[in-house]
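What follows is a set of notes on a single structure, which appears directly below.
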Amino acid sequence: MSASFPAYLSLLQDLNGRLEQLAQLAQQKADAARQDDLIALDEVLKQEQAMSLTLRGLEQRRAKLVKELGLENTSLADLPEKCPPELEQEARKTAQELRSNYKIYRSCADMARNTLELTLHQIDKIVAAAGIDPGQLGAGYQAPGVEPPKNMKTDFRA
Numbered sequence: 015m016s017a018s019f020p021a022y023l024s025l026l027q028d029l030n031g032r033l034e035q036l037a038q039l040a041q042q043k044a045d046a047a048r049q050d051d052l053i054a055l056d057e058v059l060k061q062e063q064a065m066s067l068t069l070r071g072l073e074q075r076r077a078k079l080v081k082e083l084g085l086e087n088t089s090l091a092d093l094p095e096k097c098p099p100e101l102e103q104e105a106r107k108t109a110q111e112l113r114s115n116y117k118i119y120r121s122c123a124d125m126a127r128n129t130l131e132l133t134l135h136q137i138d139k140i141v142a143a144a145g146i147d148p149g150q151l152g153a154g155y156q157a158p159g160v161e162p163p164k165n166m167k168t169d170f171r172a
């Protein structure tokens with residue numbers, strides 16, 4: 015059981031690094047939205063999507079380790095008390111960094127969301143000023159009646 019604690023702390027440190035990356039991506043997303051750079055925004059969204067797959071894998075590993083260690087109802091704040099004495103200080107530091115980086119990530123993600131919402135609201139105003147009802151445009155990037163190329167279609171019945 016105690017052999018799993020170092021693996022769990024390593025996983026939390028990896029998660030900590032991923033949160034830092036996500037915060038940077040959120041800042042890049044906000045910058046791209048402010049600069050009206052759809053290509054940069056698309057690139058950031060692709061990176062976020064790849065990161066979400068990585069995070070899903072980390073969460074599966076975390077759930078397995080939590081169960082092995084019997085930490086199902088243990089918060090990050092209580093983690094150091096549940097660790098072996100030789101890992102208590104490392105656990106305390108890791109938990110604190112993780113909580114701190116999560117707050118930073120949430121702040122950056124909220125800022126990016128607000129920036130995107132503001133930009134979309136401005137686009138709606140421009141479209142409405144042009145005499146078009148934004149609600150009738152629908153979602154997506156395609157104009158009505160445009161067919162995708164044959165190699166991009168999928169036959170779901172196959």
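Following this note's numbering, the numbering of the sequence shown begins with 15 at its first residue and continues without gaps. Quick reminder that beta carbons are idealized off the backbone N, C-alpha and C, glycines included. This structure is a prediction, so every number in the text was calculated from the model and none was measured.
C-beta atoms of residue i and residue j nearer than 7 Å
i, j, result
"M125", "A44", "yes"
"E101", "S18", "First, the amino acid is wrong: residue 101 is Leu here, not Glu. Not closer than 7 Å, so no."
"K96", "L85", "yes"
For residue i, the three-state DSSP class (helix, strand or coil)
i, result
"S114", "helix"
"D45", "helix"
"L90", "coil"
"G71", "helix"
"G84", "coil"
"Y146", "Sequence inspection shows Ile at residue 146; the Tyr mentioned does not correspond to that position. DSSP places I146 in coil when its eight states are reduced to three."
"C122", "helix"
"K99", "One point to set straight first is that residue 99 is Pro, not Lys, in the sequence displayed. The answer is helix: DSSP assigns P99 an H, G or I state."
"D28", "helix"
Option in the options with minimal Cα separation from residue i
i, options, result
"H135", "A47, L36 and Q35", "A47"
"E131", "L26, Q38 and D50", "D50"
"S121", "L25, A40, Y22 and S89", "A40"
"Q61", "D147, L72, L83 and Q35", "Q35"
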